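Comments concern the structure below.
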């Protein structure tokens, strides 16, 4: 199993600003993902964070709005850029050691944009 | 487009009763995952079902997979209050060299004392 930490755990931000969320895994993993979850809803995949290359974004999510970095096999960041109130959500980082293995999730970052 | 649907979406049940949550998915997948999410918390992995006919059990929860029917079930036996949570199933998919997991709609379970 993997233990995942996220920072910050929550934040309140002003419209038009940007926030970078950090995700740290306690072991090397092949795959890392970023999700968004609205309260009471399922998870929506934002992107797959690829080590050493550009992230793979899902339909409806673009790199200019959600730039992602993954400099090594244990760390990734997600930036929410030029925020609006619609970006208020819970952002979850997850990791899997390899494909066909279950994901382990970080505790999430609760973001409120005013 | 791969879709994963669960039913029911909401389930309120009495302690001691049995019930089954269903997870249907729209395209071929040999692996299915179940997760639990407590209110205000992140997701916890429950089961990984890796092949047709797979059955896994942990305590009062038992999960099974029928890949031909594209159906997984999560059976709850003699429910207790501590099982109150939201349960998600997920399938994985490889497309264009990338690998990702698609989550179901979730089933919010409330066990009444």
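Chains as they are written, first to last, in the working numbering: chain A, 7 to 120; chain B, 255 to 367.
A virtual CB, placed ideally from N, CA and C, is assigned to each residue, including glycine.
Small disclaimer: the values here were computed from a predicted structure and weren't measured.
- The beta carbon of residue 326 of chain B does not come within 9 angstroms of any beta carbon belonging to chain A, so the residue lies off that interface.
- Taking 9 angstroms as the cut-off, the beta carbon of residue 331 of chain B is found closer than this to the beta carbon of residue 316 of chain B.
- Residue 321 of chain B has its alpha-carbon roughly 7 angstroms from the corresponding atom of residue 282 of chain B.
- Look at residue 72 of chain A: its C-beta is not under 9 angstroms from any C-beta on chain B.
- Residue contact check for residue 302 of chain B against chain A: a CB pair falls below 9 angstroms.
- For residue 58 of chain A, the closest alpha carbon among the candidates A:82, A:94, A:18 and A:29 is that of A:82.
- With a beta-carbon spacing of about 6 angstroms, residue 99 of chain A and residue 12 of chain A fall inside the 8 angstroms limit used to define contacts.
- For the region 92–109 of chain A, the set of positions with a beta-carbon nearer than 7 angstroms to some beta-carbon of chain B reads 98, 105, 106, 108 and 109 in chain order.
- Shown in chain order are the members of the region 281–298 of chain B whose Cβ falls below 7 angstroms from a Cβ of chain A: 285, 287, 296 and 297.
- Contact between residue 285 of chain B and residue 303 of chain B is confirmed by a C-beta separation of about 7 angstroms, below the 8 angstroms threshold.
- Distance from the CA atom of residue 361 of chain B to the CA atom of residue 273 of chain B, rounded to whole angstroms, is 12 angstroms.
- For residue 335 of chain B, the CB contacts under 7 angstroms within the same chain, skipping 5 residues up- and downstream, are 269, 365 and 367 in chain order.
- Collapsing the DSSP output to three states places residue 256 of chain B in coil.
- Taking 9 angstroms as the threshold, the shortest C-beta distance from residue 354 of chain B to chain A falls below it.
- Taking CB atoms only, residue 114 of chain A has a neighbour in chain B less than 9 angstroms away.
- The straight-line gap separating the alpha-carbon atoms of residue 265 of chain B and residue 271 of chain B is approximately 12 angstroms.
- Those residues of the region 41–69 of chain A placed with their C-beta closer than 7 angstroms to a C-beta in chain B are 48, 49, 51, 54 and 62, ordered along the chain.
- Taken atom to atom, the span from the alpha-carbon of residue 333 of chain B to that of residue 300 of chain B is near 16 angstroms.
- Counting only Cβ-Cβ distances below 9 angstroms, residue 359 of chain B has contacts in chain A at 47 and 48, in chain order.
- Closest in alpha carbon position to residue 295 of chain B, among A:113, A:52 and A:117, is A:113.
- What residue 342 of chain B touches in chain A, judged by beta-carbon distance under 8 angstroms, is 48 and 49, going in chain order.
- Between residue 76 of chain A and residue 55 of chain A the beta-carbon gap is near 4 angstroms, inside 8 angstroms, which marks them as a contact.
- Listed in chain order, the non-local C-beta contacts of residue 7 of chain A below 7 angstroms within the same chain comprise 110, local neighbours out to five positions each way being set aside.
- Residues of chain B with a Cβ closer than 7 angstroms to the Cβ of residue 37 of chain A are, in chain order, 353.
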